[in-house]
Structures are given as structure tokens and as C-alpha cells.
Amino acid sequence: MLIGLLAALFLYLGVTLLQVWLASREDQARPVQAIVVLGAAQYNGKVSPVLKARLDHAHDLWARHLSDVIVVTGGRQPGDRFTEATAAANYLAGKGVPDSAVLREVSGRNSWQSLAASAAFLKARKISTVLLVSDPFHDKRIALMAGELGLKPYVSPTHASPIHGADKATHFGRETLEVALGRVIGFRRLVNVGGRFIGG
Numbered sequence: 001m002l003i004g005l006l007a008a009l010f011l012y013l014g015v016t017l018l019q020v021w022l023a024s025r026e027d028q029a030r031p032v033q034a035i036v037v038l039g040a041a042q043y044n045g046k047v048s049p050v051l052k053a054r055l056d057h058a059h060d061l062w063a064r065h066l067s068d069v070i071v072v073t074g075g076r077q078p079g080d081r082f083t084e085a086t087a088a089a090n091y092l093a094g095k096g097v098p099d100s101a102v103l104r105e106v107s108g109r110n111s112w113q114s115l116a117a118s119a120a121f122l123k124a125r126k127i128s129t130v131l132l133v134s135d136p137f138h139d140k141r142i143a144l145m146a147g148e149l150g151l152k153p154y155v156s157p158t159h160a161s162p163i164h165g166a167d168k169a170t171h172f173g174r175e176t177l178e179v180a181l182g183r184v185i186g187f188r189r190l191v192n193v194g195g196r197f198i199g200g
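As C-alpha cells, this is what we get:
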């Protein structure tokens, strides 16, 4: 019996890893009501290379007129003077995106919190169809979370991320575990139980 359970567990994780990998290779870019950029580190108001890659891709999608609205997300980490969303909005302004086109989610400390807060103010504006922008390995998880929050999500990953090699493999492994658990117990419950476990 134990062997059977272990075999089923490994099969489930293997299938989940395949789904995470396949999702990372798919670009669902299309006209939507809003483009939502998942936050990443900023340094005293300057966006990190990871966040820059996401914002550059979001800007390209906006310039292609796939949406008139870009949502930037991410709160302030301890000791920070700026939120990730503020640094992101300032970066987009420098690329010519008008302030009226940018909505800011400034409280989230992880993907779930940022998506939950964004979903609340987007739905209040009658916006539900979104294009999520992050690193490719995040796509499966953030799409599932956005769906759990009542949004209709599509994903369009950046392929200019500086995350490569062993770091990228580590992210795929973590994403596989998070997706596997989140689909069983729900992502809201997972972030409450796991704290920081629901990452970038």
C-alpha cells in the first residue's frame, strides 16, 4: 500500500512538473482588459533586472495595444523606501506609459497577496480578463491563483529574464511543489499555512 501511495505521489509530481514546463513555453498574448505584472525586487526605487525584464515585456504588450491598462504589483519589504509597484510605475513612465494607464497594487508581499488585492480593485472596475506577466516558470501557478480569485487569466511570460541555469531549475522545482499542493488544498490556504512558500 505504501509503495502504491509513493508511486502515485511521484506520478502526480511528475505530471505537475510537465504541466509547469509546458505552461512556461506558452505565450497566450491577446487583447485583454488589463495586463498584470507580477512584482520583483527593487533597489531604492531602481527596478531589479528580473523586474525590468517583466516590465519591458509588459510595455511591449501595451505598445501592441493588447490593453490600455497595466497593473503593477508589489509592496514594500522591510527597510525599503519604495514599493515594488512604485518603482515599476516610475520605470514604465520613463518608457512613455502615461500615469493614467497604470494601476498600482502596493500591499502584496507575495504573488497571492498581490493577485488577490489586484483582483479586488479590478473586479470593482468590471475588469476580469487579464494577461499575466512574469517569468516563464511562474505561469502555471499564477494562472491557477488568478482563476481561484475569480479572474479570467492568460499568461505571457518574459523570455529576457536573467534567471538561468541552476537557479532556473530550482525555480521549476519549487513551482512544481507549490502547484501540486495548491491544487489539492487551494492557494489561499497554502499561503496561509506556508507563509513565504508562495513566492515571487
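Anchor point for the sequence shown: position 91 equals 91 in the working numbering, and the numbering is continuous, going up by one each time.
We put the CB at the ideal spot given by N, CA and C, even for glycine.
Environment of residue i [buried if 16+ CB atoms lie within 10 Å]
i, result
"L2", "exposed"
"L6", "exposed"
"V47", "buried"
"I127", "buried"
"T158", "buried"
Proximal residues to residue i (C-beta, below 6 Å), its chain only, five neighbours per side dropped
i, result
"G182", "L190"
"A58", "I35, V37, I70 and V133"
"P31", "L66"
Residue i versus residue j: straight-line alpha-carbon distance, rounded
i, j, result
"Q28", "D60", "14 Å"
"A41", "G4", "42 Å"
"S67", "V133", "13 Å"
"L11", "A180", "11 Å"
"E175", "L38", "15 Å"
"L144", "D135", "15 Å"
"E84", "L177", "26 Å"
"F172", "T73", "22 Å"
"F187", "L55", "25 Å"
Proximity below 9 Å, CB of residue i to CB of residue j
i, j, result
"A8", "P162", "no"
"V71", "V155", "no"
"L115", "L103", "no"
"A88", "L51", "yes"
"G150", "A119", "yes"
Close beta carbons around residue i, own chain, < 8 Å, minus the five adjacent residues each side
i, result
"R81", "N44 and G45"
Meets three-Cβ-pair contact criterion under 8 Å: the segment 69 to 88 and the segment 41 to 55: yes
For the pair the segment 12 to 26 and the segment 92 to 103, tell me if three or more CB-CB distances fall below 8 Å. no
Would you check if the segment 99 to 110 and the segment 136 to 154 touch, i.e. whether three or more CB-CB distances between them fall below 8 Å? no
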